[in-house]
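Heads up: the sequence shown runs through residues -17 to -1, 1 to 146, numbered per mature numbering (1 follows the signal peptide of the UniProt record, and there is no 0). Each residue gets a CB set at the ideal place from its N, CA and C atoms; glycine is no exception. This structure is a prediction, so every number in the text was calculated from the model and none was measured.
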Amino acid sequence: MKLLLLFLLSSMCLLQAQNTVSFEEGMMSPAATLNNIEWLAGHWKGEAFGGIAEEIWSPPADGSMMFSFRLLDKGEVSFYEFGHLIEIDGTLILQLKHFDTNLSGWEEKDENIDFKLVKIEGSKYYFDDFTIERISDKEINMYVEVGEEDGSSNEVTFNYHRQ
């Protein structure tokens, strides 16, 4: 009985984070360009963390797609993210910074959060603990592995619709 319970619990943990993968030491990012993911350009809106999540992505230009994100909760901005998806060494990397409502940065001045490209499978672009999935021309999902204060993490789904 204990083995069955352990198996069920471990299976649930695997299913919980099935849309994100981690970039492990020694891995190589696959070849990719912004042309592969230019469909991401546009204005996207959805629900997350009990509020409204909004992202605006620019079309590719000179090896970069910039974006802005904001989370609205109870009629107020909770936080912002600004960043870009860039071509480096024949592959893609997503970099971002978080800001509070007064645009004070969460990360240190010279620090970014980097998400290296792990793999591409069909319409899913797997970055390090962050996945972008094209559902249709008007719908995307983003999956992010979010760390908790107790050291655990969970996968959060952002379901967006094109505006």
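Near Ile106, which residues of its chain fall below 7 Å by C-beta distance, leaving aside the five closest residues on each side in sequence?
On the sequence shown, residue 106 is found 123 positions in, with the first residue counted as 1. Looking at the sequence itself, residue 106 is Ser, so the reference to Ile does not match. Answer for Ser106: Glu116 and Arg117, listed in chain order.
CB-CB under 6 Å to Phe110, same chain, minus the five flanking residues each way: which ones, in chain order?
Position 127 of the sequence shown holds residue 110. Sequence-distant Cβ neighbours of Phe110 in its own chain, meaning closer than 6 Å and more than five residues away, are Leu77, Phe98 and Leu100.
Decide yes or no for the touch test of the region 64 to 77 against the region 35 to 55: beta carbon pairs closer than 8 Å, at least 3 of them.
With a cut-off of 8 Å, the region 35 to 55 and the region 64 to 77 count as touching, because enough Cβ pairs lie within range.
Three-state class that DSSP yields for Glu30 in the structure shown:
On the sequence shown, position 47 is the one that residue 30 refers to. The answer is strand: DSSP assigns Glu30 an E or B state.
Which residues in the same chain have their Cβ closer than 8 Å to the Cβ of Leu(-4), if we skip the five residues on either side of it in sequence?
Counted from its first residue, the sequence shown places residue -4 at position 14. With a pLDDT of 44 at Leu(-4), under the threshold of 50, the predicted position of this residue should be treated as unreliable, though the coordinate-derived value follows. The beta carbon of Leu(-4) is closer than 8 Å to none in its chain, skipping five residues each way along the sequence.
Taking one C-beta from the region 2 to 10 and one from the region 19 to 26 each time, how about it: are there three or more such pairs within less than 8 Å?
With contact defined as three or more Cβ pairs closer than 8 Å, the region 2 to 10 and the region 19 to 26 are not in contact.
Cβ shell of Met125 (< 6 Å), same chain only, five flanking positions each side left out:
Your numbering for residue 125 matches position 142 in the sequence shown. The answer, listed in chain order, is Ile115 and Phe141.
Can you give the beta carbon distance from Thr3 to Glu122, rounded, assuming they're within the 8 Å contact cut?
The residue given as residue 3 occupies position 20 in the sequence shown. The residue given as residue 122 occupies position 139 in the sequence shown. Actually they do not touch by this definition, with Cβ atoms about 19 Å apart.
Give the range of the beta strand (DSSP E) segment to which residue 148 is assigned.
Only positions -17 to 146 of the chain appear in this structure, which leaves residue 148 out of reach.
Glu104 to His144 span [Cα, whole Å]
Start at 1 with the first residue of the sequence shown, and residue 104 comes out as number 121. Start at 1 with the first residue of the sequence shown, and residue 144 comes out as number 161. Rounded to the nearest angstrom, the two C-alpha atoms are 21 Å apart.
Under the three-state DSSP convention, the category Phe(-11) falls into
Position 7 of the sequence shown holds residue -11. For Phe(-11), the predicted model reports a pLDDT of 41, less than 50, meaning its position is unreliable and no value from the coordinates is stated.
Could you round the C-beta distance between Phe65 and Leu79 to whole angstroms and report it? I think they count as a contact, below 8 Å.
Within the sequence shown, numbered from 1, the residue matching residue 65 stands at position 82. Within the sequence shown, numbered from 1, the residue matching residue 79 stands at position 96. At roughly 7 Å, the Cβ-Cβ gap stays under 8 Å, so Phe65 and Leu79 are in contact.
Host beta strand (DSSP E) of Gln78 (start-end):
In the sequence shown, the residue the question calls residue 78 occupies position 95. That run of the beta strand (DSSP E) goes Thr74 to Phe82.
Put Asn18 into one of helix, strand or coil per three-state DSSP.
Indexing the sequence shown from 1 puts residue 18 at position 35. Correct three-state label for Asn18: helix.
Beta carbon of Ala31, beta carbon of Gly73: below 7 Å?
As a first step, residue 31 is located in the sequence shown; it is residue number 48 there, counting from the start. As a first step, residue 73 is located in the sequence shown; it is residue number 90 there, counting from the start. Their beta carbons are not under 7 Å apart, which means Ala31 does not touch Gly73 by this criterion.
Taking buried to mean at least 16 other C-beta atoms within 10 Å of its own C-beta, is Pro42 buried or exposed?
On the sequence shown, residue 42 is found 59 positions in, with the first residue counted as 1. Pro42 should be labelled exposed.
Do you know how far the Cα of Tyr108 is from the Cα of residue 194?
The displayed coordinates of the chain run from -17 to 146. Any statement about residue 194 would go beyond what the structure contains.
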